[in-house]
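Residue numbers (the working numbering): 3 to 66.
Written out as structure tokens, the structure is:
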């Protein structure tokens with residue numbers, strides 16, 4: 003699973019989930035790696051934290 007590009011334009015790898023479909027993989031990824039607006043307001047993430055921010059696009063790719 004990859005999050006958006008870093009400052010150099012390279013994809014960042016967040017981690018791996020094991021699901022039977024892309025939809026389930028996306029849901030699991032959001033559950034594990036996303037942060038909410040409330041979490042950001044209460045304790046801002048470091049700019050270099052590799053998480054999925056609200057309204058941020060991300061990709062899931064098959065393992066292999």
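Positions of the beta carbon are idealized from the N, C-alpha and C atoms, including for glycine.
Fair warning: this is a prediction, and the values are worked out from it, not measured in the lab.
A straight-line Cα-Cα distance of about 16 Å links residue 44 and residue 54. Contact check for residue 26 and residue 52: beta-carbon distance about 21 Å, past the 8 Å limit, so the pair fails to qualify.
With a beta-carbon spacing of about 7 Å, residue 34 and residue 17 fall inside the 8 Å limit used to define contacts. When DSSP reads this structure, residue 36 sits in a beta bridge with 54.
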